[in-house]
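Mapping to numbering that gives the first Met the number 0: the sequence shown position 2 is 1, numbers consecutive. Ideal Cβ positions, reconstructed from N, Cα and C, are used throughout, including at glycine. Only a predicted model underlies this, so the values are computations on that prediction, with no experimental measurement involved. Taking it in order: structure first as structure tokens, then the write-up.
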Amino acid sequence: MKDKIKRLIGRMYTSGAHTNAHELTSKVLGQLNLNEEWSQYVDIEVRNMMDREAFKKTPIHKRALFLPHCLRKAGECKGEYGDRGLKCKKCGKCNIADIIEYAEKLGYQIYVVPGGSLVFKVLKNGDVDAVVGVACYDELDQAIKKANQAGLPSQGILLSEDGCVNTKVNKMEVARKLQL
Numbered sequence: 000m001k002d003k004i005k006r007l008i009g010r011m012y013t014s015g016a017h018t019n020a021h022e023l024t025s026k027v028l029g030q031l032n033l034n035e036e037w038s039q040y041v042d043i044e045v046r047n048m049m050d051r052e053a054f055k056k057t058p059i060h061k062r063a064l065f066l067p068h069c070l071r072k073a074g075e076c077k078g079e080y081g082d083r084g085l086k087c088k089k090c091g092k093c094n095i096a097d098i099i100e101y102a103e104k105l106g107y108q109i110y111v112v113p114g115g116s117l118v119f120k121v122l123k124n125g126d127v128d129a130v131v132g133v134a135c136y137d138e139l140d141q142a143i144k145k146a147n148q149a150g151l152p153s154q155g156i157l158l159s160e161d162g163c164v165n166t167k168v169n170k171m172e173v174a175r176k177l178q179l
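Printed below as a string of structure tokens:
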């Protein structure tokens with residue numbers, strides 16, 4: 000279903016059959032007869048499509064990846080917090096280390112953040128020209144809006160399992176976004 004949604008968003012977006020993200024989200028949900036459970040996913044994918052080309056044009060060294068600290072294994076994580084968020088010790092108990100290693104090879108600036116305030120601080124700093132964010136819908140929605148206000152293209156990835164502790168994300172989906 001997710002591929003079908005992405006294809007429809009792409010067709011509708013390139014045809015100009017929308018005036019804004021909310022309208023396009025509503026049209027996709029209606030056309031595919033999707034219930035409200037799909038609305039957050041469709042909303043994020045619509046905004047990803049709208050920023051995709053500008054994001055792709057941004058040099059990778061000017062892009063930042065924001066990962067939520069809730070991906071770590073609570074109670075087992077050996078990471079330490081600093082001014083850039085959680086410093087991963089790469090113990091292998093969660094997916095954070097794998098994602099960081101891949102993003103580092105590509106040349107991304109990487110932040111494992113406890114919440115949106117650090118994201119906003121980094122965006123204000125001016126060292127970043129595009130962002131990839133992994134989060135639950137509410138956090139991702141806020142971050143995308145802040146990036147948009149700052150004129151920065153973004154790509155968002157929803158957690159596959161959220162809940163503020165021991166969350167999960169699809170590593171392949173993260174890798175695909177980082178490769179854009």
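Option in the options with minimal Cα separation from residue i
| i | options | result |
| --- | --- | --- |
| Gly-78 | Ala-96, Phe-65 and Ala-102 | Ala-96 |
| Ile-4 | Glu-138, Val-45 and Glu-35 | Val-45 |
| Val-257 | Gly-84, Asp-126, Val-130 and Asp-137 | Outside the displayed range of the chain (0 to 179) lies residue 257, so it cannot be described from this structure. |
| Gly-115 | Leu-151, Asp-161, Asp-126 and Leu-66 | Leu-66 |
| Asn-147 | Asn-47, Ile-98 and Glu-75 | Asn-47 |
| Val-130 | Met-0, Ala-53 and Asn-34 | Ala-53 |
Local Cβ density within 10 Å of residue i, reported as buried at 16 or more and exposed below that
| i | result |
| --- | --- |
| Gln-178 | exposed |
| Ala-73 | exposed |
| Arg-6 | exposed |
| Gly-132 | buried |
| Pro-152 | buried |
CB-CB length for residue i against residue j, believed under 8 Å
| i | j | result |
| --- | --- | --- |
| Leu-157 | Ile-59 | About 23 Å; that fails the 8 Å criterion. |
| Cys-69 | Val-164 | 6 Å |
| Tyr-107 | Ala-63 | 7 Å |
| Lys-89 | Glu-75 | 13 Å between Cβ atoms; not a contact. |
| Ile-8 | Leu-23 | 7 Å |
Alpha-carbon to alpha-carbon, residue j and residue i
| i | j | result |
| --- | --- | --- |
| Val-127 | Lys-56 | 13 Å |
| Tyr-40 | Ser-159 | 11 Å |
| Gly-155 | Ile-143 | 7 Å |
| Arg-175 | Leu-117 | 24 Å |
| Asn-124 | Gly-29 | 40 Å |
| Asp-2 | Glu-172 | 12 Å |
Identity of the residues DSSP links to residue i by a beta bridge
| i | result |
| --- | --- |
| Lys-167 | Glu-160 |
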